[in-house]
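Colleague: One structure, as structure tokens, below. Some questions next.
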DNA sequence: CACGCATATGCCACAAGGAGTATATAAGCG
DNA sequence: CGCTTATATACTCCTTGTGGCATATGCGTG
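Residue numbers (this note's numbering), protein chains in the order written: chain A, 18 to 111; chain B, 18 to 111.
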């Protein structure tokens, strides 16, 4: 599970990342909003943190997780090579 | 392997997609350029075709595969929600 | 310091995907 | 028509990821 692509292949992880767009969240908040079991949330957050997609800070017993955009940008960069295709496709339709 | 994200999680498949950016290619051409075993190429192409990432036409015994951008655009669309983050990050650095 | 809440980790079982090898299908060509 | 080239599929093995459950750790509070 080295690559950024493998990380975001998992639907629950994508859901977590989307949640974190609005603001940082604690594990419990993620758990409730996504209705996932707590260990599942923690495990996915671990994966996301190790891969550099999120970072966390301590707030008493809570850990607050927030987005780190670099890795997503990596995905975005890979997609760049294909961008001309969808403009080309639109052109073809016209 | 339903989602577009799972499809592009596989490195060989990403390599194939990148190859097809330049022009359509036959199975054999892909095989040689990426140094993959022929059945491996065929299997990945099957997955890519079923998922809507590529399409093929027949040229005698050859099958020519070419890119279909829609699914990649799907990924791009999902990434959109994060875009404001990397501009924000740049701003923060300044 | 005992208890409770929040989070992390360990272990197990299950499922799914990928590679390798062999084989099938299909088209062109002598 | 038999042979060769090009591609697809079947089967098996192996690895890896994920979830569930139980348990550990850590901090705060009475």
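No residue lacks a Cβ here, since even glycine has one placed at the ideal position from N, Cα and C.
Can you tell me the Cβ-Cβ gap for residue 42 of chain A and residue 36 of chain A, rounded? I've got them flagged as a contact below 8 angstroms.
Modeller: Stepping through the first chain from its first residue, residue 42 of chain A is reached at position 25. Stepping through the first chain from its first residue, residue 36 of chain A is reached at position 19. Between residue 36 of chain A and residue 42 of chain A the Cβ distance is about 6 angstroms, and since that is below 8 angstroms, they are a contact.
Colleague: Provide the residue(s) that pair with residue 80 of chain B in DSSP beta bridges, ordered along the chain.
Modeller: In the second chain, residue 80 of chain B corresponds to position 63, counting from 1. For residue 80 of chain B, which the question treats as bridged, DSSP gives the partners B:75.
Colleague: Among the candidates B:100, B:52, B:99, B:40, whose CA atom is the shortest distance from the CA of residue 84 of chain B?
Modeller: Numbered from 1 along the second chain, position 67 holds the residue referred to as residue 84 of chain B. For the residues B:100, B:52, B:99, B:40, the minimum Cα distance to residue 84 of chain B belongs to B:40.
Colleague: For residue 79 of chain B, I'd like the list of residues in its chain whose CB is within less than 6 angstroms of its CB, leaving aside the five on either flank, ordered along the chain.
Modeller: Here residue 79 of chain B is taken as the residue at index 62 of the second chain, counted from 1. Closer than 6 angstroms at Cβ, skipping near neighbours: 43.
Colleague: Could you tell me which chain B residues have their CB closer than 8 angstroms to the CB of residue 71 of chain A, listed as they occur along the chain?
Modeller: As a position in the first chain, residue 71 of chain A is number 54, starting the count at 1. Ordered by position in chain B, no residue passes the 8 angstroms Cβ test against residue 71 of chain A, which lies about 12 angstroms from the chain.
Colleague: Could you check what DSSP says for residue 43 of chain B in three-state terms: helix, strand or coil?
Modeller: The residue labelled residue 43 of chain B in the question sits at position 26 within the second chain. Looking at residue 43 of chain B - three-state DSSP - the assignment turns out to be strand.
Colleague: For residue 90 of chain A, decide whether its Cβ has a neighbour in chain B, counting only Cβ atoms nearer than 8 angstroms.
Modeller: For this step, residue 90 of chain A is matched to residue 73 along the first chain. Taking Cβ atoms only, chain B reaches closer than 8 angstroms to residue 90 of chain A, which makes this a yes.
Colleague: Between which two residues does the alpha helix (DSSP H) containing residue 63 of chain A stretch?
Modeller: To locate residue 63 of chain A, count along the first chain from 1; it is residue 46. Counting along the chain, the alpha helix (DSSP H) containing residue 63 of chain A begins and ends at 55–67.
Colleague: Kindly list, in the order they appear in chain B, the residues whose Cβ is closer than 7 angstroms to that of residue 26 of chain A.
Modeller: In the first chain, counting from the first residue as 1, residue 26 of chain A sits at position 9. Residues of chain B passing the Cβ test: 22, 23, 26.
Colleague: Taking 8 angstroms as the cut-off, decide whether the C-beta atoms of residue 18 of chain B and residue 58 of chain B are in contact.
Modeller: Taking the first residue of the second chain as 1, we reach residue 18 of chain B at position 1. Taking the first residue of the second chain as 1, we reach residue 58 of chain B at position 41. For residue 18 of chain B and residue 58 of chain B, no; Cβs fall outside 8 angstroms.
Colleague: Beta carbon of residue 70 of chain A, beta carbon of residue 89 of chain B: below 8 angstroms?
Modeller: Here the question's residue 70 of chain A lines up with position 53 in the first chain. Here the question's residue 89 of chain B lines up with position 72 in the second chain. Judged by beta-carbon spacing, residue 89 of chain B lies beyond the 8 angstroms limit of residue 70 of chain A, meaning their Cβ atoms are not closer than that value.
Colleague: Use the C-beta contact count for residue 28 of chain A: other C-beta atoms within 10 angstroms, 16 or more gives buried, fewer gives exposed.
Modeller: Indexing the first chain from 1 puts residue 28 of chain A at position 11. Exposed, since its Cβ has fewer than 16 Cβ neighbours within 10 Å.
Colleague: By a C-beta neighbour count over all protein chains shown, 10 Å radius and 16 as the cutoff for buried, is residue 86 of chain A buried or exposed?
Modeller: Position 69 of the first chain, counted from the start, is the residue given in the question as residue 86 of chain A. Residue environment analysis places residue 86 of chain A among the buried positions, since at least 16 neighbouring C-beta atoms fall within 10 angstroms of its C-beta.
Colleague: Applying a beta-carbon distance threshold of less than 8 angstroms, which residues of chain B neighbour residue 31 of chain A?
Modeller: Mapped onto the first chain, residue 31 of chain A falls at position 14. Ordered by position in chain B, the residues that pass the 8 angstroms Cβ test against residue 31 of chain A are 22, 95.
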